[in-house]
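Chains as they are written, first to last, in the working numbering: chain X, 27 to 519; chain S, 27 to 519.
2 protein chains.
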Amino acid sequence: MPETSYHMSPDEFRRWGKAVIDWIAGYLERIDSFPVLSSVEPGQLRAALPPAPPAEGEPFGRILADVDKLILPGITHWQSPNFFAFFPANASGPAILGELLAAGLGVQGMLWATSPAATELETHVLDWLVGMLALPEKFLSTREGGGVIQDTASSATLCALLAARERSTGFASNRRGTDGRLVAYGSSETHSALLKAVKIAGLGEENLRLVGVDERFAMRPDALASAIEQDRRAGKMPCFVCATVGTTSSQAIDPVAEIGRLCQQHGMWLHVDAAMCGTAALCPEFRWIHQGLELADSYCFNPHKWMFTNFDCDCFWVADRKALIRTLSVLPEYLRNPATESGKVFDYRDWQIPLGRRFRSLKLWFVIRHYGLEGLRHHIREHVRLAQEFATWVAQDDQFELAAPAPLNLVCFRHCAGDAFNQALLDRLNASGNLYLTQTRLDRRFTLRLCVGQTHTQARHVEQAWHHIRKEAAALQASAADRILRRSEGPGD
Amino acid sequence: MPETSYHMSPDEFRRWGKAVIDWIAGYLERIDSFPVLSSVEPGQLRAALPPAPPAEGEPFGRILADVDKLILPGITHWQSPNFFAFFPANASGPAILGELLAAGLGVQGMLWATSPAATELETHVLDWLVGMLALPEKFLSTREGGGVIQDTASSATLCALLAARERSTGFASNRRGTDGRLVAYGSSETHSALLKAVKIAGLGEENLRLVGVDERFAMRPDALASAIEQDRRAGKMPCFVCATVGTTSSQAIDPVAEIGRLCQQHGMWLHVDAAMCGTAALCPEFRWIHQGLELADSYCFNPHKWMFTNFDCDCFWVADRKALIRTLSVLPEYLRNPATESGKVFDYRDWQIPLGRRFRSLKLWFVIRHYGLEGLRHHIREHVRLAQEFATWVAQDDQFELAAPAPLNLVCFRHCAGDAFNQALLDRLNASGNLYLTQTRLDRRFTLRLCVGQTHTQARHVEQAWHHIRKEAAALQASAADRILRRSEGPGD
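Here it is, written out as C-alpha cells:
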C-alpha cells in the first residue's frame, strides 16, 4: 500500500524544474526590459499577499504565476546589464546550476565526515585560486594556511578580527572575555563591516581607529603609525589592521606593503579585504593591486561580486590556519568522529561563525571550469576597459568631473553643479528605470558611482548610461534655469 | 558586431539546466542505492582532481560527468531515507526550485530598497509562521517584534546574545567593549553554538554557566536560579539565558515557563532555541513544547532541519526589534537611501551578522504553498509516529534500552552490553552503508541516536533500520562470544 504523500514526485520535479529553468532563461533574456530599480511602495507586496497561509497545498503552476505577478514588480534587477550600483553581485549559468546541484544534493559540509567531497573540493578550489590570483603561497592548504568559503566579506573580517583578538591575548579573550584594551584599525574609507565586527567581537567602537586617507582615498601609513604609537603610549594593545584593496566608496587601494611592515613591527594581525577587486588579479596586468600581500595574515575576495559566481561566495584565506581553528573550534560529543580525531582533515565549521554550511564550492568549481582562466580574464578585462572608457568621457566633459582615480571598474564622478544637483540627478536617473547608480561622499561631496561588473554589461549599456546621465543632467539644468527665470518674472519680484 | 563571450547562452542554460534537473530527479530516485555514509579516505578526492585549474573552458557535459565520477563517492547522502544521524537537513522539490529561482534572480536583500520583494516576502512569511506555529503574537512584525531568516541557529543564538549584551549594558558594550562582568546561561545539554557565541561576543567561556539537568536532560530551574544568585553576589551581571526546545543530544525540552520567570525577575534576555523541534508545533497536539514561550525575548527554529526547506533557513524572531536593530545597525553613506530614511521599511542587514543576503524566503514560500498546512502536518505526524514506533521496539527488546524519553522524532537508545559494544555496533552499522546513525553521551554513557526526519523516510526504512541494528548487534555478540571461546581454548590459557 503506497503511503499518503504530499511531496513533489520526481516526475513533477522534472516538469516544474524545467519550467523554472525556462523561466530563468526567459527572465535573463528580457531583463533589459525591466526598470532596473523597483518602484514599488513600502507595503505594496505585503498588501497583495494573503494574510494567512494556505490550509491546503496549491499547484506549483499557480505559485510560479505569482512570481511573475507579485514578486517581479518588487525586484531590483541586480543581474540587469544596466545595473551599475553598489558593487555588482554577478552570476552566470554555470554558477546557478552549481547552486541548484548543491540544493539537490542537500548535504551539510560542517565536518569533513558529513560529506568529504564538500570539504575537499572547497580546499582544492581555494588552492587553485591561490595560483590563479598569484596570492602568496603561504595561503595554500598544503602549507600552514588554507582557504575557506564564507558567506560574505563581513564574516571574513569578523573571523579575522576574532583570530587576531585571540592571538594577541594568547587565546585568553575566548576564556575571560575581552577587556577594552584591544584596538583595531582601518581607514575612514574602510567598509562598515569592520565597525560591525568590532562591536560584535566585544572590542567596542571606541577601540576602533579609522585613520586618515591620502588624496587617492587610500590609508595613510604615517597616520596609522601615529595612531598605533598613541595607543601604545595610552596602554592600549593594537591587535588588528584591516587594509582594503578596492574600497567600497571609490575603489581606493591601501598601501598594503607599508601597512604590513607596521603590523609586523607591532605584532598585529593584517587582514586584507579585496572583496571587490581581488578578481582583477586573475589578469597579470592588474596584480599590482596585491603588492605587499605576502605580509598579510588573512585575505579575502568575493567571487560573488565580480567572478560570475552567485551570492554567497566569499573566499577567505589565512596564513596560519591553527590560529583561526583554535579561535573558533568547539567539539561537543555529538560531532566527534574518527576523521576529526585523526587530525588528517579540515572541519570547516571551525573556520566560520555558523556550524552548518552548504556545498558552495560546487558553483565555484563549475564557474572556473566553464570559463577557464581565459574566459574569466576576457570578461574582467572587458569590464575594466568599459569603465576606463566611461572615465575618459567624464574627464572630457566640462560639465562633469572625476571624483577619484578609477583604477579598475568603478568610476566616481559628479556634475559640477553641486551636491543638491547631483542628488537630484541621481534620483531622476534611478526613477527612469534605465539604469541604477548609487552614491557616496568623497571629500564630503556628494558623488555618483558607476561600477561596471554585471555579467551581461556590454559597451552599448555603458554608452547608454552615459547618454542618459548627460540627458538627465541637461534636462535638470534646463528646468533649474526655467525655475529661476519664472521666479525672476514672478509678481513679488 | 557581436562581442566575444564566454558566457553560457540562454539556450545552453536551458539545455544544461534541464540536464541538472534530470540529474537531481534521478539522484533522488536511486538515493537508497548509495551507502549512506561516504567511505572515501581523507585526500581521495583531492588526489583525483587536477592540480591546476583549466586554462580554457570545458564543456558543461564533462563537468557534470565528473560530478558522478568524482563527487558522488565523496557524498554522505543527507537526503537518503536511511539517514538517521545528527538532526536531519531535509529538503523537497519546491524548496530546491525556490533556491534555484533565488539564484536565477540573483538579487541582494540587504536593504529593503535593494529588492523590496525579498524583504517583504520574508517579513510576510515569518508572520505567517507565527500563526502556523501558534507563537506569541508579540513576535509579529505588525507588533513590536518581527522575524528574519538567518543562515543557522548558531547565528540566531549569536544575534540574540549580542542584543542581550547591549540591552543589559544600555548599549554601552558596542561602544566601550565588553568588560568580563556579563554572564550567560544554558544547560549542560545546550548546543555548543552557545559556547561559540559567548566566545565570539567577547563574554568569554568563564562567563558561561552550563547548569545541571534533570533526569529528562532538561535544564533545572533551581540550578539556574542558584547560578544567577551566586553570580549576582559575586558582582557579575547575568544577562542571557538560552533555553532549548529539543536538545541536540536527546531532544530534551527545557521548562521555558519557569526559566522565563527567572529571566523576568532578573531582567535577563531569554532566547529559546527550537532549531529542531519548532516544526512540530505546526500540529496542535505538539504545541505543548512551546509552553512559556510568551516570556521569551527571541526564538528560532530551522525549516532547514525538519520542514522540507533546504539549508540554509533558520527563522528567528524577536519580541523587541528595536533592541536587535540598535545592536547590529551601522549606516555608511553608500547604503543610505530614501526608503531607509523614511523609517517605513525593514533593512534586514541590521538583523544579522553579514551585510549581504540571498532571497531565502522564496523557498520557504514555495514550501508552505506547495504542502499547505495539511501536507506539512501530515508528514511531521508521520515522522513522529515512526520514531515512537521505533522507541516501542527498543523498549520491548531486552537487549536494548531507551536512554532518554523520546518526546518527538528522536530516539536515544543503547545496547545493554556497554560503551565499547555500542561504539563497535555504531561503527559496523555505519560501515555497512545501510543506514547512518550518530552518537551522544547521556549520563556519561555512549548512546545511539536515531532521528526520523528525512523527507522520504517511510515505515519500511525505519523497520529496516531496526532489523539492521538487531542483526549487527547479534553478529557482534556472536563474534565476541567466539573470541572469548577461542581465547579460553588457546595454548597460553
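Yeah, the Cβ is synthetic: ideal placement off N, Cα and C, and Gly gets one too.
**Asked** Under the three-state reduction of DSSP, which class applies to S/A160: helix, strand or coil?
**Response** Assigned with DSSP and collapsed to three states, S/A160 falls in coil, not helix or strand.
**Prompt:** Shorter than 7 Å from the beta carbon of X/R41 to some beta carbon of chain S?
**Reply:** Residue-level contact check: X/R41 does not touch chain S, since none of the beta carbons of chain S fall below 7 Å from its beta carbon.
**S/Y211 (DSSP reduced to helix, strand or coil)** = Strand, per DSSP.
**Asked** Under 7 Å between C-beta atoms, does S/E400 make it to chain X?
**Response** Interface annotation, S/E400: in contact with chain X, CB-CB separation under 7 Å.
**Asked** How is the beta strand (DSSP E) around X/Y325 delimited, first residue to last?
**Response** X/Y325 -> beta strand (DSSP E) spans 324-327.
**Prompt:** How do the region 284-302 of chain X and the region 251-271 of chain X stand: do at least 3 beta-carbon pairs fall below 8 Å, yes or no?
**Reply:** At 8 Å Cβ cutoff, the stretches touch.
**Request:** Kindly indicate which three-state DSSP category X/V174 falls into: helix, strand or coil?
**Result:** The answer is strand: DSSP assigns X/V174 an E or B state.
**Message:** So, at 8 Å on beta carbons, what are the nonlocal neighbours of S/R454 in its own chain, with the 5 sequence-adjacent residues on each side left out?
**Reply:** If we look at S/R454 and ignore the five residues flanking it on each side, its Cβ neighbours are E498, A501, L502.
**Prompt:** Are S/D340 and S/T178 closer than 7 Å when you measure CB to CB?
**Reply:** At the C-beta level, S/D340 and S/T178 come within 7 Å of one another.
**Prompt:** Does DSSP classify X/R56 as helix, strand or coil?
**Reply:** DSSP, read as helix, strand or coil, puts X/R56 in coil.
**Asked** Just how far apart, CA to CA, sit S/D519 and S/D508?
**Response** Residue confidence for S/D519 is low, a pLDDT of 44 falling below 50, so the modelled location carries little weight and cannot support an answer.
**Contacts of X/F426 in chain S (Cβ-Cβ under 8 Å)** = Taking a Cβ-Cβ cut-off of 8 Å, X/F426 has no neighbours in chain S, whose nearest Cβ is about 20 Å from it.
**Prompt:** Are there three or more Cβ pairs, one per stretch, closer than 8 Å when the region 433-451 of chain S is compared with the region 69-80 of chain S?
**Reply:** No: fewer than three Cβ pairs fall under 8 Å.
**Item:** Short Cβ contact (7 Å threshold) for X/G132 with S/W104
**Value:** Between X/G132 and S/W104, the C-beta gap is smaller than 7 Å, which places the two residues in contact.
**Request:** Kindly provide the ranges of any alpha helix (DSSP H) runs that are 4 or more residues long and lie completely inside the region 258-308 of chain X, ordered along the chain.
**Result:** Along the region 258-308 of chain X, the alpha helix (DSSP H) occurs as fully enclosed runs of 4 or more residues at 282-292, listed in sequence order.
**Request:** Closer than 6 Å by C-beta to S/G124: which residues in its own chain qualify, once you throw out the five before and the five after it? Chain order, please.
**Result:** Non-local beta-carbon contacts of S/G124 in its own chain, meaning distances under 6 Å to residues more than five positions away in sequence, involve L388, K389, F392 in chain order.
**Message:** Strictly below 9 Å CB to CB, what residues from chain S border X/S213?
**Reply:** By Cβ distance, chain S contributes nothing, its closest Cβ being about 13 Å from X/S213, past 9 Å.
**Message:** S/I47 and X/G43 - do their beta-carbons sit closer together than 7 Å?
**Reply:** Yes. Within cutoff.
**Asked** If you count every other CB in all the chains shown that lies within 10 Å of the CB of S/Q256, and 16 or more means buried, which is it?
**Response** In this structure S/Q256 is exposed. Its beta-carbon is surrounded by fewer than 16 other beta-carbon atoms within 10 angstroms.
**Message:** Using beta carbons (cut-off 7 Å, strictly below), is S/M294 in contact with chain X?
**Reply:** Under the Cβ criterion of 7 Å, S/M294 is not counted among the residues facing chain X.
**Asked** Below 7 Å between beta carbons: does that hold for S/L308 and S/I175?
**Response** It is not a contact, given that the beta carbons lie outside the stated cut-off.
**Item:** Contact set between the region 393-423 of chain S and chain X, restricted to residues whose Cβ is under 7 Å from the partner
**Value:** Listed by position, the residues of the region 393-423 of chain S near chain X (Cβ gap below 7 Å) are I394, R395, H396, Y397, G398, L399, E400, G401, H404, H405.
**Request:** Flag this pair as touching only if the region 362-370 of chain X and the region 147-160 of chain X have three or more C-beta atom pairs under 8 Å; answer yes or no.
**Result:** The region 362-370 of chain X is not in contact with the region 147-160 of chain X.
**Prompt:** Could you give the distance in angstroms between the alpha-carbon of S/E232 and the alpha-carbon of S/A198?
**Reply:** As the crow flies, the alpha-carbon of S/E232 is around 21 Å from that of S/A198.
**Prompt:** When you compare only the Cα positions, how much space is there between S/D323 and X/L474?
**Reply:** The alpha-carbon atoms of S/D323 and X/L474 are separated by roughly 42 Å.
**Request:** Anything in the region 198-210 of chain S with a Cβ closer than 9 Å to a Cβ of chain X? List those residues in chain order, please.
**Result:** Legend: CB atoms of the region 198-210 of chain S lying less than 9 Å from CB atoms of chain X belong to residues A198, S199, N200, R201, R202, G203, T204, D205, G206, R207, L208.
**Message:** I need the boundaries of the alpha helix (DSSP H) containing S/D453, first residue and last residue.
**Reply:** Where S/D453 is concerned, the enclosing alpha helix (DSSP H) starts and stops at 445-458.
**Item:** Local conformation of S/T335 per DSSP, three classes
**Value:** For S/T335, the three-state secondary structure derived from DSSP is coil.
**Request:** Report the rounded CA-to-CA distance for X/P142 versus X/D424, giving the unit in angstroms.
**Result:** Going from the Cα of X/P142 to the Cα of X/D424 covers about 59 Å.
**the region 417-432 of chain S / the region 369-378 of chain X touching (three or more Cβ pairs under 8 Å)** = Inter-segment contact for the region 417-432 of chain S and the region 369-378 of chain X is absent: fewer than three beta-carbon pairs are separated by less than 8 Å.
**Request:** Would you list the one or two residues that DSSP bridges to S/V46?
**Result:** Note: S/V46 sits in no beta bridge, so no partner.
**Message:** Which residue marks the beginning of the alpha helix (DSSP H) containing S/D92, and which one marks its end?
**Reply:** Run containing S/D92: 86-92, per the alpha helix (DSSP H) assignment.
**Asked** Using a Cβ-Cβ distance under 7 Å, would X/Q277 count as near chain S?
**Response** No, no contact with chain S.
**Request:** Could you confirm whether any beta carbon from chain X is found closer than 7 Å to the beta carbon of S/N336?
**Result:** Judged by the 7 Å Cβ criterion, S/N336 is in contact with chain X.
**Asked** Looking only at C-alpha atoms, which of X/L63, X/G479, X/R235, X/G52 sits nearest to X/L436?
**Response** For the residues X/L63, X/G479, X/R235, X/G52, the minimum Cα distance to X/L436 belongs to X/G479.
**Item:** Listed by chain order, chain S residues near X/G382 by CB distance under 8 Å
**Value:** The contacting residues are A115, D177, T178, S180, H330, F337, D338.
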